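Each residue of the sequence shown is one higher than the one before, counting from 271 in the working numbering. Glycine included, every Cβ here is placed at the ideal spot set by N, Cα and C. As the structure is a computational prediction, the values presented were derived from the model and not from experiment.
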Amino acid sequence: MGQGKDKDELIEGLYREMFTPLCVYAMNAIDDRDLAEEAVQDTFRIACIKAGSLMESENPKGWLTLL
């Protein structure tokens, strides 16, 4: 159960820190705010599914940008 908490804390922390910067990054590529936010939400949905890979990454922020 401790690892699940660590995973949740990591993802929540990354979400708080990276949601806005990732939206800006996506807006530069997509030029549509709603679609950019949806893409970032999808990114975090995938991060939840692949949390093991994210937790093993030496650069979790970079991991998010590769999706």
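With fewer than 16 neighbouring CB atoms inside 10 Å of its own CB, V294 falls in the exposed class. By the neighbour-count criterion, in which a residue is buried when 16 or more other Cβ atoms sit within 10 angstroms of its Cβ, A299 is exposed. Within its own chain, no residue has a Cβ closer than 8 Å to the Cβ of G274 once the five positions on either side in sequence are excluded.
Of the candidates L337, V310, A296, S323, the residue whose Cα lies closest to the Cα of K277 is S323. Scanning its chain for C-beta atoms nearer than 7 Å, with the 5 sequence neighbours on each side dropped, one finds around Y285 the residues F314, in chain order.
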